[in-house]
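If you're matching them up, the sequences are chains U and A in order. FYI, numbering that gives the first Met the number 0 numbers position 206 of the first sequence as 205, with every residue one higher than the one before it. FYI, numbering that gives the first Met the number 0 numbers position 42 of the second sequence as 41, with every residue one higher than the one before it. Below is one structure, written out as structure tokens; the observations come after it.
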Amino acid sequence: MKFAVIRFGGSNCDMDVHHILSDLLGVSTDLVWYKDSIKDYDGVVIPGGFSYGDYLRAGAIAARTPIMNAVKRLADEGKPVLGICNGFQILVESGLLPGALTTNVYPKFCCRWVNLRVENTGTAFTSNFSEGEIVRMPIAHREGNFFADDATLHILNSHHRVAFRYVDSDGNAVADANPNGSVENIAGVASERGNVIGMMPHPERASEPVLGSDDGLRIFESMVEYAERV
Amino acid sequence: MQMLYRAEITIQLKDGMLDPEGDTITRALMHLGYTVTSVRTAKKLLIELEADCKEDAAERVDEMCRRMLANPVIHNYSIEIR
């Protein structure tokens, strides 16, 4: 089994994801430049950062590079695809996930820890959580305000495709716990089949106790276990 | 013969969508003593291209908007060709 961490100019936390997969979970993982091939991989992580300087819109240009066609093919084959932060922006811009990520309601870069409620444990990335569990991870973004129209929201909710919501420490999805103005406090969404997920919080920055939380590690563990099954 | 055309594209958040940058500028203008009802921000792109005719240029620029320059989930756009 082999995973790819895709790098664009301006990616970050790519090394962190590589460290988690290869050093902590012992999975063969390559850092793959966006001009190279990913066809032989069993799963893909698109890390955070500021690909192409966030020019035009965050993720817009990376989403239209040829490697994203290869990511779509892997997703169609049912392989796991995880987009973190800028990776989430790239996935919505490429049409692999619905909605859009716009400027935070308080329009500045926001970097802090948030509480997340796990809404669906049926995805490739959330099987190692329990439903309704509250986990902690940091966010670090300026364009993380998730927007979708009412029809799309209805589909996301009724098909259990909201993976995470921003909540307070009691698990309530209140306005005060929403760091960026995302509609219905949505922090992460999944594809129809649950093998593609995008999330604004950074699980790779919360995967070892020394970092303040290792809740994020279970996302990568879930992904690896899922990849072993498909 | 191909002619050089200039396309001016304005990309704006759809009506009713929150524009935090515009709202912040509104408040800053109020602090300076101006009375404004609202500020909406937009992005303007100026593209030069060669095309057979104005319609051809407009069609290609519209395709660029649909495929990349605007995000149909959140944006409206307008194109002016000269």
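Glycine residues also receive a C-beta, built at the ideal position from the N, C-alpha and C atoms.
Please classify residue i as buried or exposed, where buried requires at least 16 neighbouring CB atoms within 10 angstroms.
i	result
H235 of chain U	Residue 235 of chain U falls outside the range modelled here, since chain U spans only 0 to 229, and no answer is possible.
P65 of chain U	exposed
M198 of chain U	buried
P71 of chain A	exposed
V60 of chain A	buried
D230 of chain U	Outside the shown range of chain U, which is 0 to 229, sits residue 230 of chain U, and nothing can be said about it.
E62 of chain A	exposed
V209 of chain U	exposed
V80 of chain U	buried
Which same chain residues, not among the five before or five after residue i, have their C-beta less than 7 Å away from its C-beta?
i	result
A99 of chain U	V91, F146
N127 of chain U	R217, E220, S221
D18 of chain A	L12, R39, T40
Using the C-alpha atoms, what's the distance from residue j back to residue i?
i	j	result
M2 of chain A	C52 of chain A	7 Å
I185 of chain U	H30 of chain A	33 Å
L28 of chain A	V134 of chain U	41 Å
D214 of chain U	I19 of chain U	13 Å
A6 of chain A	A57 of chain A	8 Å
I154 of chain U	A162 of chain U	13 Å
S181 of chain U	L48 of chain A	38 Å
F2 of chain U	C110 of chain U	28 Å
G58 of chain U	I89 of chain U	4 Å
N103 of chain U	M16 of chain A	12 Å
Y33 of chain U	I78 of chain A	32 Å
Report yes or no: is there a C-beta of chain A within less than 8 Å of the C-beta of residue i?
i	result
L55 of chain U	yes
F108 of chain U	no
F146 of chain U	yes
A205 of chain U	no
R160 of chain U	no
T101 of chain U	yes
V188 of chain U	no
Y105 of chain U	yes
R111 of chain U	no
A59 of chain U	yes
Beta-carbon within less than 8 Å of residue i's beta-carbon, same chain only, minus the 5 sequence neighbours each way: which residues are those?
i	result
K78 of chain U	Y40, D41, G42, V43, N194, A226, V229
R164 of chain U	L115, R116, E118, A172, E183, N184, I185, A186
Y76 of chain A	I8, T9, I10, Q11, C64, L68, A69
I37 of chain U	A3, I5, V31, V43, I66, A69, V70, L73
S27 of chain U	M0, K1, F2, S21
T151 of chain U	P97, G98
For chain U, find out if any of its Cβ atoms is closer than 8 Å to the Cβ of residue i; answer yes or no.
i	result
T25 of chain A	no
N75 of chain A	no
M67 of chain A	yes
V72 of chain A	yes
L48 of chain A	no
L17 of chain A	yes
E54 of chain A	no
E20 of chain A	yes
Near residue i, what residues of its chain come up, given a Cβ to Cβ distance below 6 Å and the 5 sequence neighbours on each side ignored?
i	result
G21 of chain A	V38, R39, T40
R160 of chain U	V188, A189
P137 of chain U	W112, H201, R204
I46 of chain A	A6
D167 of chain U	V173, A176
N11 of chain U	G47, G48
So what does residue i bridge to, in DSSP terms?
i	result
Y76 of chain A	A:I10
G82 of chain U	U:I45, U:G197
T28 of chain U	U:F2
A99 of chain U	U:F146
L3 of chain A	A:E49
Y165 of chain U	U:L115
The ligand GDP heavy atoms versus the CB of residue i: any closer than 7 Å?
i	result
A6 of chain A	Among the components modelled here there is no ligand, and therefore nothing to report on the ligand GDP.
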